[in-house]
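If you want the numbering used here, it's the position in the sequence shown, counting the first as 1, plus 1110.
Note that the Cβ used here is the ideal one computed from N, Cα and C, for glycine as well.
Below is one structure, written out as structure tokens; comments come after it.
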Amino acid sequence: MSGAAFTPHDHHQCSTRALDEAESRLADKGARLTPVRRRTLEILLESHRAIGAYEILERLGSEGFGHQPPVAYRALEFLVQHGLAHRLQRLNAFAACLHPGHDHAPAFLICRECDTLAELPGAPLRAVLTEQATDAGFTVERVTIEALGLCPACADAAGPDEAGRE
1111 MSGAAFTPHD
1121 HHQCSTRALD
1131 EAESRLADKG
1141 ARLTPVRRRT
1151 LEILLESHRA
1161 IGAYEILERL
1171 GSEGFGHQPP
1181 VAYRALEFLV
1191 QHGLAHRLQR
1201 LNAFAACLHP
1211 GHDHAPAFLI
1221 CRECDTLAEL
1231 PGAPLRAVLT
1241 EQATDAGFTV
1251 ERVTIEALGL
1261 CPACADAAGP
1271 DEAGRE
């Protein structure tokens, strides 16, 4: 699990693998991808970026799945619950999990220009945070790590003067 979203790769193979892993994971749990859940996951897998629920709802509605918000929210809730998608707090949006066959708690790198995002292993960061929180007498219950910055393409386009600024 790395910043593959920021490097050239065969995205069709990337998304096909993630969809196959998702189906396998659900089959192992006795759950399944209904047509609306499958299409929601496919929409999320189209690119390495987070997508808002209403954008997904518009797409689903235009494809005959219904225009009511519960259609998208139920599908997204199912995907998140089963580790097939992640909710990004900062963007109030969702992204497909590119490693659904593995239980993990990723950290996210989010490009502030193009909204491309990448998953990184979050366990080492969470361990440090939990240790420091414990030292402070605090019990960590949930952590979402989202780093905002520039992807390589946007940093190159911005030039050296702007790449380090937020």
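C-alpha distance - residue 1181 paired with residue 1204, whole-angstrom precision: 15 Å
Is residue 1277 helix, strand or coil by DSSP? The structure shown does not extend to residue 1277, since the chain is modelled only from 1111 to 1276, so the question has no answer here.
How many Å lie between residue 1222 and residue 1260 at the Cα? Rounded to the nearest angstrom, the two C-alpha atoms are 6 Å apart.
Going by C-alpha to C-alpha distance, which of 1226, 1268, 1130 and 1256 sits closest to residue 1218? For the residues 1226, 1268, 1130 and 1256, the minimum Cα distance to residue 1218 belongs to 1256.
Quick check for students: name the residue ranges of the alpha helix (DSSP H) that lie wholly in the stretch 1128-1183, counting only runs of 4 or more. Every unbroken stretch of the alpha helix (DSSP H) spanning 4 or more residues and falling wholly within the stretch 1128-1183 is given here in chain order: 1145-1155 and 1163-1172.
First and last residue of the beta strand (DSSP E) that includes residue 1216? 1216-1221
Coil, strand or helix - residue 1196 by DSSP: strand
Just the C-alpha distance for residue 1156 and residue 1125, rounded to the nearest angstrom, thanks. 7 Å
Taking DSSP as the reference, what is the three-state secondary structure of residue 1265? Under the three-state reduction of DSSP output, residue 1265 falls in the helix class.
Tell me the DSSP secondary structure of residue 1208 in three-state form. coil
What would DSSP say about residue 1226, mapped onto helix, strand or coil? In the structure shown, residue 1226 sits in a strand (DSSP, three-state: E or B).
Could you spell out the range, first to last residue, of the alpha helix (DSSP H) harbouring residue 1241? 1233-1245
Per DSSP, what are the beta-bridge partners of residue 1201 in this structure? DSSP lists no partner for residue 1201.
Taking a contact to mean a Cβ-Cβ separation below 9 Å, would you say residue 1215 touches residue 1189 in this structure? no
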